[in-house]
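Asker: Structure in structure tokens, see below.
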DNA sequence: GCCAACGTTGGC
DNA sequence: GCCAACGTTGGC
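Residue numbers (our numbering): 47 to 198.
Below, the structure is given as structure tokens:
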């Protein structure tokens, strides 16, 4: 099993939205590196740290699980969508997504500020300056440190 | 709202 | 294939 962190702006799609929906398709990712992770490397049962970006404060707010592996993101063909990509065809899709299932919402946010200050999280991609990747791998030890943080 | 960091595009 | 210009992300 692998571990991931996925960013979403709570104004666009929050952990509360996922809790309500149960399952959601992670559409709209338009970055090749993130696309590659979703298309090639995320597998059923992988755990996902749900991160609120552009939030006050930003941070990890919950847990999800990959429940469908990579498949084409159909918003790329939808002209009315802001995610529409004129270069994508049905034969050759460019963008992929996965589905994730709600697991839990943490009792409080594990803020970016805390992640930066607690040495258990040293080396995590998300605390690196300029780390914009919206789908990123997480080391098992960092994932466990997140769970540990909430069982103290 | 600002702007640093980063990714993409396109002229050459 | 280089790199300047431009667009986006996302913390602050």
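Here a beta-carbon is modelled for each residue, glycine too, at the ideal position from N, C-alpha and C.
#1: Classify residue 110 as buried or exposed, calling it buried when 16 or more other Cβ atoms lie within 10 Å of its own Cβ.
#2: My parser needs the beta strand (DSSP E) runs of 3 or more residues fully inside the stretch 124–196; what are they?
#3: Could you compute how far the alpha carbon of residue 185 sits from the alpha carbon of residue 120?
#4: I need the straight-line Cα distance from residue 167 to residue 81, nearest angstrom please.
#5: For residue 76, which of helix, strand or coil comes out of DSSP?
#6: Along the chain, where does the beta strand (DSSP E) that runs through residue 93 open and close?
#7: Per the DSSP calculation, residue 111 is bridged to which residue(s)?
#8: By the DSSP assignment, the beta strand (DSSP E) with residue 49 in it spans what residues?
Answerer: Once the coordinates are examined:
#1: buried
#2: 142–157 and 181–184
#3: 30 Å
#4: 25 Å
#5: coil
#6: 93–98
#7: 93 and 147
#8: 49–54
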